[in-house]
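Using our numbering, the letters of the sequence shown map in sequence onto residues 926 to 1064.
Remarks on the structure that follows.
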Amino acid sequence: GGGDSGGRGGGGGSSVSGVFREAALGDALLLIEGVEAVVGADEEDRRTLKVLLFEMRRFHGVVLLSVAAYKPYDSVVHSLSPLLLAATKMVLEFTLPDRHGRARLWERLLPPRCPLASRLDFDALADASRDMSATQIAN
């Protein structure tokens, strides 16, 4: 049958097309996380990448592709498909906050009524959270 995926759960390509179709109907900004997973060498990954690129070209809205990685920027970019990079208009890198930024995050995220607030050393907290993202500090 035309839509049969051989029991593999619907296939990546048809899922990608469906997401783009729904986003177009809702005039939505589209955020696709985990793009690094579409770099495999198997046939399903190649088919999914092909459909993703096709749908990105057709889509009139904004598509954000997100790669979750703690590796250096260059190694992440070089691990992505050259076809995907060619279809990308802009690449942004969000780095971890520096010491000053972490101290400010700790200070701002602590509830004002916290009984220990006046006794906390935010610089020490910043030092102890050196490899933490803003999201990790907020949680």
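From the three backbone atoms N, C-alpha and C, an ideal C-beta is built for every residue, glycine too.
Since we're looking at a predicted model, the values are computed, not measured.
Straight-line Cα distance separating residue j from residue i
| i | j | result |
| --- | --- | --- |
| K1014 | D1046 | 43 Å |
| F979 | A1063 | 37 Å |
| D1056 | E958 | 22 Å |
| L955 | P1036 | 33 Å |
| E1018 | Q1061 | 17 Å |
| S1043 | A1051 | 16 Å |
Under the three-state DSSP convention, the category residue i falls into
| i | result |
| --- | --- |
| E958 | strand |
| V941 | helix |
| V988 | strand |
| S1006 | coil |
| S1000 | helix |
| K1014 | coil |
| R946 | helix |
| S1054 | coil |
Same chain, Cβ closer than 6 Å to residue i, neighbours up to 5 away in sequence not counted
| i | result |
| --- | --- |
| V1001 | V992 and A994 |
| F945 | E980 and F984 |
| A948 | L955 |
Contact set for residue i: own chain, Cβ-Cβ below 8 Å, skip 5 residues either direction
| i | result |
| --- | --- |
| A1012 | L978, M981 and R982 |
Check: Taking three-plus beta-carbon pairs below 8 Å as touching, is the region 1025-1037 in contact with the region 988-1007?
Finding: no
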